[in-house]
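To start, the structure itself, in structure tokens.
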Amino acid sequence: MTVYYTKEHEWLRVEGDVAVVGITAHAANELGELVFAEARDPGTTVEQGDSVAVVESVKAASDIYAPVTGDVLAFNDALGDDAALVNRDPEGEGWIVRMTVADASQLEGLMDHATYTALVG
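According to the numbering used here, the sequence shown is numbered sequentially starting from 1.
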């Protein structure tokens, strides 16, 4: 499975024709403990760069942006009861949304792990 990153600190993991999207460990650490998360309704079409979800921490609220254009398929319901799951496992069980990838060529504009790691130092 290939993982891509955005400069806004989202990650996207491609699983077949579905993308799993969340925030990076760096973003989770910067936000602090999350207390709330919600996403756009399943079936909603989002363009690359549109807000696809919102997370709130004790420090701030932050939009989560769609790394690619596609349709929202699902929200991670586990976050409704325990948004801090994102802090504990941001690039695993703390995923935020699953969505389709309408235009796979948009993946070429995202970063790989080494490039993202260099960005955040």
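Beta carbons: idealized from backbone N, C-alpha and C, even for Gly.
The model shown is predicted, which means the values in this text are computed figures rather than measured ones.
Who are the Cβ neighbours of Val101 in its own chain at under 6 Å, not counting the five residues just before and after it? To locate residue 101, count along the sequence shown from 1; it is residue 101. Excluding the 5 residues flanking it on each side, Val101 has same chain C-beta neighbours closer than 6 Å at Ala19, Val68 and Gly70, in chain order.
Anticipated Cβ contact below 8 Å, Tyr4 with Leu110, distance rounded: By 1-based counting over the sequence shown, the position of residue 4 is 4. By 1-based counting over the sequence shown, the position of residue 110 is 110. Confirmed, about 4 Å.
Inter-stretch contact (C-beta, 8 Å, three-pair minimum) for the region 31-42 and the region 110-120: Result no; under three Cβ-Cβ pairs closer than 8 Å.
Return the chain-ordered list of same chain residues with a C-beta closer than 6 Å to the C-beta of Phe36, the five sequence neighbours on each side being excluded. By 1-based counting over the sequence shown, the position of residue 36 is 36. Non-local beta-carbon contacts of Phe36 in its own chain, meaning distances under 6 Å to residues more than five positions away in sequence, involve Glu56 and Ala83 in chain order.
At what residue ranges does the region 41-99 contain a whole run of the alpha helix (DSSP H), taking only runs of 4 or more? Listed in chain order, the complete alpha helix (DSSP H) runs (minimum 4 residues) inside the region 41-99 are 78-81 and 85-88.
Bridge partners for Ala39 per DSSP, in chain order? Taking the first residue of the sequence shown as 1, we reach residue 39 at position 39. Here Ala39 is bridged, per DSSP, to Ala53.
State the start and end residues of the unbroken beta strand (DSSP E) segment that holds Glu15. Translated into positions along the sequence shown, residue 15 becomes position 15. The continuous beta strand (DSSP E) containing Glu15 extends over residues Glu10 to Glu15.
Nearest-angstrom Cα distance between Thr44 and Met99? Mapped onto the sequence shown, residue 44 falls at position 44. Mapped onto the sequence shown, residue 99 falls at position 99. When rounded, the distance between both Cα atoms is 10 Å.
If you run the structure through DSSP and keep just helix, strand and coil, what is Val120? In the sequence shown, residue 120 corresponds to position 120, counting from 1. Three-state DSSP puts Val120 in a helix.
So Ala66 and Asp50 are in contact, right, with Cβ under 8 Å, and what is the actual spacing, rounded? Within the sequence shown, numbered from 1, the residue matching residue 66 stands at position 66. Within the sequence shown, numbered from 1, the residue matching residue 50 stands at position 50. Contact between Ala66 and Asp50 holds: their C-beta atoms lie close to 5 Å from each other, under 8 Å.
Looking only at its own chain, which residues have a Cβ that is under 7 Å from the Cβ of Asp63, when we skip the five neighbours before and after it? Taking the first residue of the sequence shown as 1, we reach residue 63 at position 63. Only Ser51 and Val54 meet the Cβ criterion.
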